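Notes to accompany the following structure.
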Amino acid sequence: MTPSIRGCDQAMRPILEVRDLTIHAGSEAHPIPLVESVSFSVAKGSTLALVGESGCGKSMTALSLMRILPEPGVRIAGGEIHFEDEDLVSAPEQRMQELRGNIISMIFQDPIASLNPIQTVGNQIIEVIRTHNAVSRREAKARAIELLRSVRLPDAERRIDYYPHRLSGGMCQRVMIAMAMAGAPKVIIADEPTTALDTTVQAQVMALLRKAQTETGTAIVLITHNLAAAAEAAENVAVMYAGRIIEQGPVREIFLAPAHPYTQGLLGAIPDSDEDSMEISPLTEIAGNVPRPGTLPDGCAFAPRCKKAQERCRQDRPALTSHGNRLVACFFPDSPAIAQ
Amino acid sequence: MTSLLSCRDLVVEYPTSDGTLRAVDRVSLDVERGHTLALVGESGCGKSTLARAIMGLAPVKSGSIKLEGEELVGLSQRELRRYRPVVQMVFQNPYGSLNPRLSVGRIIEEPMMVQNIGTQATRRKRVLDLLDRVGLTSEVATQYPHQFSGGQRQRIAIARALALNPKLIVCDEPVSALDVSVQAQVLNLLVELQRDLGVSYLFISHDLAVVRHIAHATTVMYLGRIAARSTSREFWKAPAHPYVRALKDATPSMAAIRAGTPPQPILEGEIPSAMNPPSGCRFSTRCRYAIDVCRETEPLLRQVAEQSWVACHRVSVSGDGAVIAPEAQLAAS
Chain A
11 MTPSIRGCDQ AMRPILEVRD LTIHAGSEAH PIPLVESVSF SVAKGSTLAL VGESGCGKSM
71 TALSLMRILP EPGVRIAGGE IHFEDEDLVS APEQRMQELR GNIISMIFQD PIASLNPIQT
131 VGNQIIEVIR THNAVSRREA KARAIELLRS VRLPDAERRI DYYPHRLSGG MCQRVMIAMA
191 MAGAPKVIIA DEPTTALDTT VQAQVMALLR KAQTETGTAI VLITHNLAAA AEAAENVAVM
251 YAGRIIEQGP VREIFLAPAH PYTQGLLGAI PDSDEDSMEI SPLTEIAGNV PRPGTLPDGC
311 AFAPRCKKAQ ERCRQDRPAL TSHGNRLVAC FFPDSPAIAQ
Chain B
2 MTSLLSCRDL VVEYPTSDGT LRAVDRVSLD VERGHTLALV GESGCGKSTL ARAIMGLAPV
62 KSGSIKLEGE ELVGLSQREL RRYRPVVQMV FQNPYGSLNP RLSVGRIIEE PMMVQNIGTQ
122 ATRRKRVLDL LDRVGLTSEV ATQYPHQFSG GQRQRIAIAR ALALNPKLIV CDEPVSALDV
182 SVQAQVLNLL VELQRDLGVS YLFISHDLAV VRHIAHATTV MYLGRIAARS TSREFWKAPA
242 HPYVRALKDA TPSMAAIRAG TPPQPILEGE IPSAMNPPSG CRFSTRCRYA IDVCRETEPL
302 LRQVAEQSWV ACHRVSVSGD GAVIAPEAQL AAS
């Protein structure tokens with residue numbers, strides 16, 4: 011069991027709680043772990059950011075929440091996903107179909123690829139509405155227009171009959187959000203929802219998600235590689251590296267004073283200062299590359315790239331342990347950070 | 002001394018079935034020797050088309066592109082080949098820009114083969130030097146692109162771009178596809194190469210954090226036109242042009258989070274179609290400070306400070322030379 015975080019979300023029972031989630035690829039005999047013992051929870055109306063670099067397991071974690079891991083071979087090998095009072099890991103497929111896209115919905119990175127190119131956007135939203143509600147086509151269309159208006163798609167009455175190729179990336183993402191909101195979801199999983207969009211449109215889409223959250227109290231799991239975006243959107247953050255959470259807790263606390271050397275390295279690698287000298291100072295690098303699944307070293311997965319690594323780090327794997335408000339998986343966490 | 006690269010009133014047009022699309026409209030810019038000029042803007046602003054025009058890959062309708070004082074516009078592809086060694090390019094996608102069927106050594110050697118430089122032995126020697134230069138080992142030469150991560154591939158692409166000792170490298174979103182930790186490695190490498198070799202970069206990016214870090218001068222484009230430009234590294238501290246300000250505010254920033262800066266108003270709307278740009282100022286349809294003159298007359302790029310130019314009717318300069326952004330004027334009145 012992973013210890014729980016003291017202090018946060020105590021008053022509110024989490025709507026989604028993931029415990030010791032483990033995801034494997036490869037054969038049963040020679041499994042390749044993609045995600046190991048990941049635990050987190052999200053309360054109603056709050057946002058948790060899962061951050062990390064490519065291959066850290068954040069997207070696999072997101073897909074597993076909807077039970078849409080890529081077939082064949084990638085599977086939930088252990089752990090529990092509690093949604094309200096149900097365990098989604100053991101829920102029958104039929105129940106998942108009722109929840110999926112309705113009570114738990116997902117927004118993907120590439121909005122243009124996620125929409126069906128040979129269906130009008132209206133028909134796609136109407137399909138979602140009618141799959142989960144016994145309403146007439148007419149009522150569903152009225153509801154679809156209402157949804158498109160709520161995501162501020164300009165000229166919604168006309169654009170509902172457009173095919174996706176006639177809309178910009180930002181407009182397609184608005185349609186995706188409208189579709190995700192169609193069933194008044196209790197949880198939205200947003201996997202890099204703004205990565206493919208222009209800067210000013212990114213800000214619009216994040217504002218839209220926040221608005222939807224304030225109005226409906228939906229919980230959001232935000233998957234992102236952009237730490238600054240996570241800090242702006244979420245209350246809590248889980249930083250993942252090589253399939254595990256290595257630091258977890260309140261987002262401001264962690265980003266203002268990271269305790270894990272990897273979190274420190276990630277934050278140091280972001281070019282972020284106002285510079286006025288013509289001499290360009292070097293950014294902090296994390297040496298080496300992200301390890302590929304199945305090639306993890308013994309001990310701490312970050313040890314080969316870690317400046318602070320010692321003998322113990324190369325032999326034993328540090329467990330996620332509680333330090334004040336946060337959890338850190340490191341034998342030598344930055345002490346001023348966790349002493350706060 | 003003249004600039005390494007000077008574009009003047011450059012116009013690039015593409016014929017389409019719906020008429021002519023003017024992707025770059027009367028754009029002028031200069032890249033100085035040993036410096037980095039960042040070209041910033043959102044999709045459809047014309048920044049990549051401009052880069053392609055400089056590489057001789059886009060149809061220039063009018064205007065001039067001078068490389069070390071020599072006019073490139075109007076030259077045939079054959080004549081352009083003479084200038085190829087001087088200007089090289091690094092692309093965004095390190096998975097698409099390296100031929101998967103060639104070894105890394107051959108990929109880096111190829112520009113020298115095309116230009117008939119050296120013997121095979123001297124070229125091979127140069128390949129090993131270049132690999133060392135970009136932080137890769139000599140074994141890499143016999144391996145193939147699929148064996149490398151995105152960051153390593155981008156190092157290979159940089160080695161290839163350096164093979165002919167270019168004076169200018171056009172970098173089109175070179176770190177956008179990379180992870181944060183790897184992005185820092187590649188940016189540091191680019192800065193180090195510039196310091197050691199004196200190479201200039203025309204650095205195209207939508208990522209303000211990256212641009213602020215690496216650029217000596219910045220040009221911001223909107224819908225084919227220049228909205229603002231600056232030769233100062235302090236450009237992003239207090240941008241006066243409303244669009245540049247909106248870009249800055251829309252970018253999540255750790256610095257803003259540390260400082261506890263409250264969220265800024267969000268720029269609404271999307272970039273209009275370049276087929277049918279708005280009259281007057283092209284940004285006027287989305288600008289909260291737009292007044293009648295903005296919708297009627299196109300603002301020209303004018304100098305407002307020693308190192309700063311803006312194309313905006315609403316930016317003014319006070320008696321003591323301070324640049325006053327539209328929001329500051331509103332706050333004062």
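Chains A and B, in that order, are what the protein sequence lines are. Sequence positions in the first sequence follow the working numbering and run 11 to 350. Sequence positions in the second sequence follow the working numbering and run 2 to 334. Each residue gets a CB set at the ideal place from its N, CA and C atoms; glycine is no exception. The structure displayed is predicted, hence computed values, not measured ones.
Residue from the options with nearest C-alpha to residue i
{"i": "proline 16(B)", "options": "Ala216(B), Ala275(B), Leu73(B) and Ile205(B)", "result": "Ala275(B)"}
{"i": "leucine 191(B)", "options": "Gly136(B), Thr50(B) and Ser319(B)", "result": "Gly136(B)"}
{"i": "lysine 318(A)", "options": "Asp201(A), His270(A) and Arg336(A)", "result": "His270(A)"}
{"i": "tyrosine 290(B)", "options": "Ser182(B), Leu268(B) and Asp173(B)", "result": "Leu268(B)"}
{"i": "isoleucine 215(B)", "options": "Gly35(B), His314(B) and Gly20(B)", "result": "Gly35(B)"}
{"i": "glycine 298(A)", "options": "Gln320(A), Pro292(A), Gly275(A) and Ser47(A)", "result": "Gly275(A)"}
{"i": "isoleucine 155(A)", "options": "Thr57(A), Val131(A), Tyr173(A) and Pro174(A)", "result": "Val131(A)"}
{"i": "glycine 42(B)", "options": "Ala54(B), Leu209(B), Arg161(B) and Glu110(B)", "result": "Leu209(B)"}
{"i": "isoleucine 25(A)", "options": "Thr209(A), Glu167(A) and Ile198(A)", "result": "Ile198(A)"}
{"i": "methionine 222(B)", "options": "Val311(B), Ala160(B) and Thr262(B)", "result": "Val311(B)"}
{"i": "phenylalanine 341(A)", "options": "Ile128(A), Val99(A), Glu257(A) and Val161(A)", "result": "Glu257(A)"}
{"i": "isoleucine 108(B)", "options": "Arg124(B), Cys172(B), Ala39(B) and Pro263(B)", "result": "Arg124(B)"}
{"i": "asparagine 277(B)", "options": "Leu68(B), Leu22(B) and Cys8(B)", "result": "Leu22(B)"}
{"i": "alanine 35(A)", "options": "Ala53(A), Val61(A) and Gly65(A)", "result": "Gly65(A)"}
{"i": "serine 177(B)", "options": "Gln155(B), Ala160(B) and Gln195(B)", "result": "Gln155(B)"}
{"i": "glutamate 235(B)", "options": "Thr219(B), Leu248(B), Ala122(B) and Arg226(B)", "result": "Thr219(B)"}
{"i": "serine 7(B)", "options": "Ala185(B), Ile55(B) and Cys313(B)", "result": "Ile55(B)"}
{"i": "glutamate 137(A)", "options": "Met186(A), Gly89(A), Gly259(A) and Gly309(A)", "result": "Met186(A)"}
Burial state of residue i (16 or more Cβ within 10 Å)
{"i": "glutamate 225(A)", "result": "exposed"}
{"i": "leucine 331(B)", "result": "exposed"}
{"i": "glutamate 81(A)", "result": "exposed"}
{"i": "lysine 5(B)", "result": "Note that residue 5(B) is leucine in the sequence shown here, rather than lysine. By the neighbour-count rule (16 or more Cβ atoms within 10 Å), leucine 5(B) is buried."}
{"i": "arginine 283(B)", "result": "buried"}
{"i": "asparagine 143(A)", "result": "exposed"}
{"i": "aspartate 30(A)", "result": "exposed"}
{"i": "glycine 304(A)", "result": "exposed"}
{"i": "proline 2(A)", "result": "This structure cannot settle anything about residue 2(A), because the visible part of chain A is limited to 11 through 350."}
{"i": "valine 113(B)", "result": "Per the sequence shown, residue 113(B) should be read as methionine rather than valine. Answer is buried; the Cβ neighbour count reaches 16."}
{"i": "serine 49(A)", "result": "buried"}
{"i": "glycine 97(B)", "result": "exposed"}
{"i": "proline 240(B)", "result": "buried"}
{"i": "alanine 39(A)", "result": "exposed"}
{"i": "threonine 12(A)", "result": "Annotation note: pLDDT 47 at threonine 12(A) (below 50); position unreliable, coordinate value reported separately. Threonine 12(A) should be labelled buried."}
{"i": "alanine 181(B)", "result": "A quick correction: the sequence has valine, not alanine, at residue 181(B). Buried, by the Cβ-count rule."}
{"i": "valine 25(B)", "result": "buried"}
{"i": "asparagine 166(B)", "result": "exposed"}
{"i": "methionine 288(A)", "result": "exposed"}
{"i": "glutamine 134(A)", "result": "buried"}
{"i": "alanine 251(B)", "result": "buried"}
query = Any residues in the stretch 199 to 210 of chain A with a beta carbon nearer than 8 Å to a beta carbon of chain B? Which ones, in chain order?
reply = Asp208, Thr209 and Thr210
message = With three or more beta-carbon pairs closer than 8 Å as the criterion, would you say the stretch 170 to 179 of chain A touches the stretch 142 to 150 of chain A?
response = no
request  = Pick out the complete beta strand (DSSP E) segments inside the stretch 175 to 212 of chain B, 3 residues or longer, and give them in chain order.
outcome  = 201 to 206
request  = Taking only beta carbons into account, state which residues of the stretch 309 to 337 of chain A come closer than 7 Å to chain B, listed in chain order.
outcome  = none
key: Sufficient close CB pairs (3 or more, under 8 Å) joining the stretch 59 to 66 of chain B to the stretch 9 to 25 of chain B   = yes
Positions along the stretch 156 to 180 of chain B whose CB lies within less than 7 Å of some CB in chain A = Asp180
message = At a CB distance below 7 Å, what residues from the stretch 296 to 307 of chain A approach chain B? Give them in sequence order.
response = Ile296, Asn299 and Val300
key: Any 3 or more C-beta pairs closer than 8 Å across the stretch 24 to 31 of chain B and the stretch 79 to 90 of chain B   = no
task = Please list the residues of the stretch 235 to 253 of chain B that have a C-beta atom closer than 8 Å to any C-beta atom in chain A, keeping them in chain order.
result = Glu235, Trp237, Lys238, Ala247, Leu248, Asp250, Ala251, Thr252 and Pro253
key: Continuous alpha helix (DSSP H) assignments of at least 4 residues falling wholly in the stretch 240 to 289 of chain B   = 243 to 251 and 255 to 260
query = Is there contact between the stretch 231 to 246 of chain A and the stretch 84 to 101 of chain A, where contact requires at least three CB pairs shorter than 8 Å?
reply = no
ask   = With contact counted as at least three CB pairs below 8 Å, one residue from each stretch, are the stretch 45 to 61 of chain A and the stretch 220 to 234 of chain A in contact?
value = yes
query = Going along the chain, which residues of the stretch 186 to 215 of chain B sit with their C-beta nearer than 9 Å to a C-beta in chain A?
reply = Gln186, Leu188, Asn189, Val192, Glu193, Gln195, Arg196, His207, Asp208, Leu209, Ala210, Val211, Val212, Arg213, His214 and Ile215
query = Going along the chain, which unbroken runs of the alpha helix (DSSP H) with 4 or more residues stay wholly within the stretch 95 to 120 of chain B?
reply = 105 to 115
Segments assigned beta strand (DSSP E), at least 3 residues, entirely inside the stretch 207 to 286 of chain A = 229 to 234, 246 to 251 and 254 to 260
key: Whole runs of the beta strand (DSSP E) within the stretch 7 to 52 of chain B, excluding any shorter than 3 residues   = 20 to 32 and 37 to 41
request  = Decide yes or no for the touch test of the stretch 75 to 83 of chain B against the stretch 144 to 156 of chain B: beta carbon pairs closer than 8 Å, at least 3 of them.
outcome  = no
ask   = Taking the runs of the alpha helix (DSSP H) that are 4 residues or longer, which of them lie wholly in the stretch 147 to 219 of chain A?
value = 147 to 160, 166 to 169 and 179 to 191
message = To be precise: take each residue of the stretch 50 to 77 of chain A, compare its Cβ to all Cβ atoms of chain B, and keep it if any distance is under 7 Å. Which residues remain?
response = Glu63 and Ser64
Near-chain B residues of the stretch 159 to 186 of chain A (beta-carbon distance less than 9 Å), N- to C-terminal order = Arg162, Pro164, Ser178, Gly179, Gly180 and Met181
query = Using 8 Å as the Cβ pair cut-off and three pairs as the minimum, do the stretch 225 to 244 of chain B and the stretch 316 to 327 of chain B touch?
reply = yes
request  = Select from the stretch 223 to 257 of chain A all residues with a C-beta closer than 9 Å to any C-beta belonging to chain B, and list them in chain order.
outcome  = His235, Asn236, Leu237, Ala238, Ala239, Ala240, Ala241, Glu242 and Ala243
Members of the stretch 28 to 54 of chain B that neighbour chain A once the beta carbon cut-off is set at 7 Å = Glu43 and Ser44
message = Under 8 Å, CB to CB, which of the residues in the stretch 260 to 272 of chain A have a partner in chain B?
response = Arg262, Phe265 and Leu266
request  = Count the C-beta pairs between the stretch 88 to 100 of chain A and the stretch 167 to 175 of chain A that are closer than 8 Å, then say yes if the count reaches three, no if not.
outcome  = no
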